[in-house]
Structures are given as structure tokens and as C-alpha cells.
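Reviewing the structure listed below.
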């Protein structure tokens, strides 16, 4: 059977104070009142019924996930007591699904981006499901066809097309987020895709790679699937690492028993990671102020103004190029060119006030 | 008997959104948790017991005044249904006090400024009380000895000392707020004082001037004192004008039956009218940020940051010379050099949202 596992871990401080420890970015109602997780879930329903969709998220966010996805059975939320990076999220899901369905085929999707058209994403994943069902040893990774020399994404260096599998390529290299010059070279070469962090594989094939490459992790996730009550003992001791580093790279280099395939995902792929990217998807007034919620901007231009506090007003007079955010308990004001340092601001706030405003 | 009448009318939008329609500047807890009205009341207690202190304020603010001044008998609050400028405030108070005490002597004080030392103010008013008790026909006005060429105050042009009344001067002219150059000339001449808007006189002497100069107002305030229930009929029909224009100027020109005397008030006299002047009385951090309430400012300087919303945080990152104010329902952001236009911002907000945020 086919399953979709939505990877919705991570918190992220880049949208603070909209995002908070208890309300990470992917749960915020950013897009016409819907969260990125809700949008990912709705996309996933085109691939599998709710009963076969799992969410891997922080345990602290499980309750909010259940509220936002009322169609989802409660047991389909896997709450991580602590973040152990992407490998353990996919490994845990594989072990859980394999325990009840030895033929489980899983599409791992993310909840960090706006993706259009949805139909293309669905079609590509359907094709990848077909591919994995035909080639049980395939580990498929999706590569977004890049439209810019983005320095915020990892890249896949695409190799030769796999003989007999049209559209599927070898992967020469999994490259980290590049410097601007390097990103330009990647884009110009035509040989690189953005690493979508989306995977399609059989649960048993992934588990077999773990057994070969990371036997401790393999044993731990099997134990966790069999005895879920041991989670607080087992989970924190998992080795923290990424899928790409721990599985995809060594397997593509021949150290494993599977085949890594990269498939093109020709969609519009927009990060909603920070205020600048968020501003691009918000309506703007004639002075270029991107706003959300109740806002009055007078003789002000180029601001990003987000009012998430019901019943309140943000009023600007004579200011330009600021980011102003109001929530129920925080007002944050910075410049658009300083948003990369918001994490330092959050650290300073936490140093002073503890977790109260974190 | 001696009475103190605190003139606490006016609303003012220059401190919006701290000040609001229902919470004017003089009722805000700006100074170590105390309002300017509360400070004026405490100063007045050195001159008269609470039973002989009256407050003239907007009827809409009477309840808040009662909360802030629990020592005050409720009947000592005169609530104006609509603002009719300073003449009608002092005329109403004179009529009310004269009705029960024909020998009432009144000191009118304001609640708009920070005044130090308080002892000097008290001593000057005590001296003025003595003067009026010795010279029943005197109308005494106080002039603050200026320390700068302030363009935000009216000025008194001091004339010759009154023979036989040491320290009391004639007034040559009551001058409106001057242009900067004119203010410099005033300061250089040594002949001008800031018009404090504080007066000491016998109630019957003021009423007699009204009878001579403004007989309609005279009749109206006597009727109002005799039949307080007619306030909503009488008050709005009073002719709107200032004490200086309607009484002090014509009487000092000989059109009346009293003598205008100006007495020096050698105190520190600080306006708290706008955010810039408010910033001067707030503590500042080493980067020159003047703050009130819970605030974190990182790599930011010269800002005025006022957090009046309990339990909340204002966090700044990399911004300079802004004014940032957070209240329970409004966040306002402007530049320090734009605060004079806040009234226009309030007008724009009111045009959009009605009185909701006014």
C-alpha cells in the first residue's frame, strides 16, 4: 500500500515572533488562514486517504497538528520528544508502517514550501510510486528544477539517466547550501536541481539500508515501532543525522544494497522561511507595504507589516523598509535587511526572559 | 477659605496611542506609575485639604479621575460635557465655590507639566494667596522664568513692578506661541515669562469681571451653580474662549474693575506633551534608547520605546531613532522626527476604523 509521511519537524526562529517554540512556522496560518502543514496535508490527500497519511512532528506540537488536521486519525501523528534530524524521522516512520504493512511504499513530503502547480507534484510522486513498485530497490529523491541561483537550498548534482528508467537520474553529489558564486555555476551548468528533501521508497528497502549502514539506528527504530511506550528512552539516544548524509550519499556511492534515483520536480517552489519570502506572497499596497491583518500605513513604504493579534491595529507613520510584527504578547520591529539576525534577537530575549517569549 | 482648582481638560493626540479619547494625557501613568493629574493633586494637597480641591475635566474622564484620586469627594469633580476652553472652566469653578463660600480664594493650577521643585511652586502660590487676601481686587497670573526660547508656550510680557507689592508686575502683553526668532528675542530681553496658565484670585472678583465683560457667561455659570442638573442645556451654549483673551487682557488694559498682577514662578517646567519630551524624563540605556515597560533593544539606538501592554514584550533589532509604542490594542511605529504628524495618523485611523482606535 502507498503511504504519505509529512515531515513537519523543526521550529525555526526566522519568523519570530509569529513562530514560537510552541507554534513553529509550518503550523502558522500564513496562507489565506491555512498553515503550510494544512496545505501539505491537502496535497497529500491526492495521493492517499487520511488513514494512510502520517505526520512526524515535535511532540510539543502534536496537539496543534491534531486540531489543524481533524480528518487525521490521532495515532497517525508521530511526536518526536526531541529533534533528531531527518534520518530518524524517516526511519521511525518506515519501522512503524513496515510493522503493519510489509509492502508499505512511502512518499516523504515536506511542509516548508509553497508548491505550484499541485497537480505536477502529485503526478511526479505518482510516477515515483510506480517506479518504486517496479524497482523495489530504488530510493527516489526529488529534485526541483531551479529557477534562480538560490543560496538557501541544498542541491543535487544530477548524473546520467538510468538505463531503462526514463526521467530517473543517478546522483553525483549531494551539495550543501552553496555560496552565491557557486550557486550561479550550478544554475548555469544545468546539471543541478534543488534538493527537495522529498523521498519515495519501500519501507523495507530503507530499513535494509539502515541495517547495513547504521545498525544501531535500525535496531532502535524497530524496537520503537514494537514498543512505542519506550519512546522517551529510545528516541533521545538515536544518532542525529540527515537522510542525505547517512543514507542517500553512501548508497549512491555503492555502499548499500539499493539504487538512488533522482527525478525532476518541475514546479514553482517557494520558501516561506523568512519575512522577505513571506512578503512576496502577501498582498502589497501601492507604496509596496506587504501587510497581513489590521494595519494602517501612512507615508510609509516597503514595509512588511504582520498583525497576528486579533482586534488590534498596527499603525505606521513615515517609516520605510521595516518589518513590524505584532502578536498577542510581542511586538517585533527590525529592518528588512536585518531579518537574518532575528535568531540573535531571540537568543537575547531568551537570555533575559527565559522561555517566556521564546 | 483657600481652594485649589486643577484644570485637567483637553485630550491631545500627540501621545497616541498611549493617550486615547477615553484616556487623555494627564490621566496616563507616565511618571513612576503616577499620572500628571495625580502629581498635580499631590502638589495641591500642600495648599488645601482634599475637600477644598476641585478638578475640572471632561465628563467622559470623571470616572477615571475618581479612581486616580480616591481621597477626593466625588462632588469635587466638575465634568464638562464638552470642552469650552479655559474661561468657562474657571468661571464655572468660581460660581460653584462662591455659592457656598462668598470669600472663596482660588488657585487654578494645571496638570500638563512636570514641575520642580514642588516646594517653590507651593511657596509662590502661598505668596499669591496672601497677596489676593491683602488686595481683594487682584487677578494674579504666574509666569515661569524661561530657561530656553521655547516655541510651544505662550509668553507674558512683564511690565513695571507694582508699587507697594514687591515681586508683582504689570502685564504689558499676553503673547501667543511665538516663532523661533521671536522666542529668542523674548528670551534675550529678559522681560518675558512663559505663561503658566495658573491663576490666583477671589471667586467674587473673577465673577465681577465676567459680569462687566461677558454678562452672558456670568449669568450662565451662576445658573449652572444654582441648578447643576441643567448642565447639558447650559454648558454647550457657553462662549468658547480663553481666560487670557476674555479676562486677563481686557482687565490689564483697564476694561474691568480689577488689577492684573504677574508673579514669577522660578521652577523647572517641563512639558510632557509629546514623545520627544516624554523621552527626556525616561531612563535611557547606553545606546540612548529611552524605554518604559518590557523592552529588548539589540543593535538599536536613539529609540523611544514605550510598552504599556502588561505581560508583553517589544523587541527591536537594528533600528534607530524610532518611536515604538505598544498598548493593549495598538502598536504605533514612527520616526522621532515625525511625531508632530501623529495627529494626522490618528485622523487616518479614525477615517478607516471610526472611534475604535481613537
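Residue numbers (the working numbering), protein chains in the order written: chain A, 10 to 367; chain B, 10 to 367.
Quick reminder that beta carbons are idealized off the backbone N, C-alpha and C, glycines included.
Since the structure is predicted, the reported quantities are computational estimates derived from the model, not experimental observations.
- A distance below 7 Å between beta-carbons, with the five flanking residues on each side excluded, links residue 339 of chain B to the following residues of its chain, in chain order: 26 and 366.
- The closest CA to that of residue 300 of chain A, considering only A/129, A/142 and A/323, is found on A/323.
- For residue 254 of chain A, there is no enclosing alpha helix (DSSP H), as DSSP marks it with neither H nor E.
- Annotation: the stretch 109-152 of chain A contains the following complete segments of the alpha helix (DSSP H) (minimum length 4 residues), in chain order: 127-143.
- The DSSP-derived three-state label of residue 247 of chain B is coil.
- When rounded, the separation of the alpha-carbon atoms in residue 12 of chain B and residue 181 of chain B is 28 Å.
- If you draw a straight line from the Cα of residue 359 of chain A to the Cα of residue 70 of chain B, it comes to about 40 Å.
- Under the three-state reduction of DSSP, residue 219 of chain B is assigned to helix.
- DSSP places residue 164 of chain B in no alpha helix (DSSP H) but in the uninterrupted beta strand (DSSP E) bounded by 164-170.
- The C-alpha of residue 164 of chain A lies about 10 Å from the C-alpha of residue 206 of chain A.
- Per DSSP, the beta bridge partners of residue 178 of chain B are B/170 and B/271.
- Rounded to whole angstroms, the gap between the alpha carbons of residue 15 of chain B and residue 311 of chain B is 35 Å.
- Boundaries of the beta strand (DSSP E) harbouring residue 332 of chain B: 331-335, taken from the DSSP string.
- Collapsing the DSSP output to three states places residue 93 of chain A in coil.
- The CB of residue 333 of chain A comes closer than 9 Å to the CB of 333, 340 and 342 in chain B, given here in chain order.
- Measuring C-alpha to C-alpha distances from residue 200 of chain B to each of B/225, B/271, B/263 and B/81 identifies B/271 as the nearest.
- Counting the other Cβ atoms within 10 Å of the Cβ of residue 138 of chain B gives 16 or more, which makes it buried.
- Across the set B/297, B/280, B/276 and B/97, the C-alpha of B/97 shows the shortest separation from the C-alpha of residue 254 of chain B.
- If you draw a straight line from the Cα of residue 350 of chain A to the Cα of residue 127 of chain B, it comes to about 47 Å.
- Identification of chain B residues near residue 358 of chain A by a Cβ-Cβ cut-off of 9 Å yields 305, 307, 322 and 324, ordered along the chain.
- By the Cβ criterion, the stretch 99-114 of chain A is not in contact with the stretch 257-272 of chain A, since fewer than three pairs of Cβ atoms, one from each stretch, lie closer than 8 Å.
- Cβ contact annotation for residue 269 of chain A (same chain, cutoff 6 Å, sequence separation greater than five): 148, 180, 257, 260 and 261, in chain order.
- Chain order gives the chain B residues near residue 347 of chain A as 308, 326, 327 and 328, where near means a beta carbon separation below 9 Å.
- For residue 365 of chain B, no alpha helix (DSSP H) segment is defined, and its DSSP state is neither H nor E.
- For residue 361 of chain A, the neighbours in chain B by C-beta distance under 8 Å run, in chain order, 305.
- Excluding five sequence positions before and after residue 305 of chain B, the CB atoms of its chain that fall closer than 8 Å to its own CB belong to 322, 323, 324 and 325, given in chain order.
- If you look at residue 53 of chain B, you'll find it in the alpha helix (DSSP H) that goes 45-53.
- Annotation: residue 230 of chain B is outside any beta strand (DSSP E); the continuous alpha helix (DSSP H) that includes it extends over 224-235.
- The three-state reading of DSSP puts residue 15 of chain B in strand, counting E and B together.
- Put simply, the backbone Cα of residue 308 of chain B is about 11 Å away from that of residue 298 of chain B.
- Between residue 220 of chain A and residue 333 of chain B, the alpha-carbon positions lie close to 57 Å from each other.
- With respect to the C-alpha of residue 242 of chain A, the residue from A/229, A/28, A/225 and A/34 having the closest C-alpha is A/229.
- Residue environment analysis places residue 194 of chain B among the exposed positions, since fewer than 16 neighbouring C-beta atoms fall within 10 angstroms of its C-beta.
- The beta-bridge partner set that DSSP reports for residue 280 of chain A consists of A/122.
- About 6 Å separates the beta carbons of residue 45 of chain B and residue 121 of chain B, which is inside the 8 Å limit, making them a contact pair.
- Around the beta carbon of residue 91 of chain B, fewer than 16 other beta carbons sit within 10 angstroms, so the residue counts as exposed.
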